[in-house]
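Residue numbers (this note's numbering): 551 to 658. Heads up: the structure comes next, in structure tokens.
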């Protein structure tokens, strides 16, 4: 029964939070999780490319506003990811005890 499945489940592992957390933590948990994972990889690669392109003086002279906008957009998206991961956390200790979360926070 549904109640048997929920025995031992923590509030963060059930409902919408649980579904979002599963999608963030396990790309194999479903088709949306796989798409989210691929999307995050693309964002990371695009952000890295932007960081490299921003060092090219000829490009920064021609497209300064566009590069600044893209940098702010990437920062906003990665900040949103951090907020969603915090919202879906199992506990504050588990969240702040994770090295990967600290890497995300410092890198953003």
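Every residue gets a Cβ at the ideal spot worked out from N, C-alpha and C, and that includes glycine.
At which residues does the alpha helix (DSSP H) containing residue 598 begin and terminate? Per DSSP, residue 598 belongs to the alpha helix (DSSP H) from 581 to 603.
Going by beta carbon distance, what residues of the same chain come within less than 7 Å of residue 636, once the five residues before and after it are set aside? Shown here for residue 636: same chain residues with a beta carbon closer than 7 Å to its own, the five before and five after excluded, namely 645 in chain order.
Rounded to a whole number of angstroms, what is the C-alpha to C-alpha distance between residue 577 and residue 599? Approximately 24 Å between the Cα atoms of the pair.
I'd like the list of long-range same chain contacts for residue 584, defined as Cβ closer than 6 Å, with 5 residues on each side in sequence excluded. Here the set comprises 577.
Tell me which residues share the same chain as residue 723 and place their Cβ nearer than 8 Å to its Cβ, disregarding the 5 neighbours each side in the sequence. Not covered by the structure: residue 723. The range shown for the chain is 551 to 658.
Local Cβ density within 10 Å of residue 510, reported as buried at 16 or more and exposed below that: Outside the shown range of the chain (551 to 658) lies residue 510, about which nothing can therefore be said.
Report all residues from its chain with a CB closer than 8 Å to the CB of residue 603; omit the five preceding and five following residues, and keep chain order. Closer than 8 Å at the Cβ level, and outside the excluded window around residue 603, lie 609, 617.
Return helix, strand or coil for residue 647, following the three-state DSSP convention. Three-state result, residue 647: coil.
Residue 658 - DSSP class collapsed to helix/strand/coil: Correct three-state label for residue 658: coil.
Close beta carbons around residue 582, own chain, < 8 Å, minus the five adjacent residues each side: Taken in chain order, the residues that qualify are 573.
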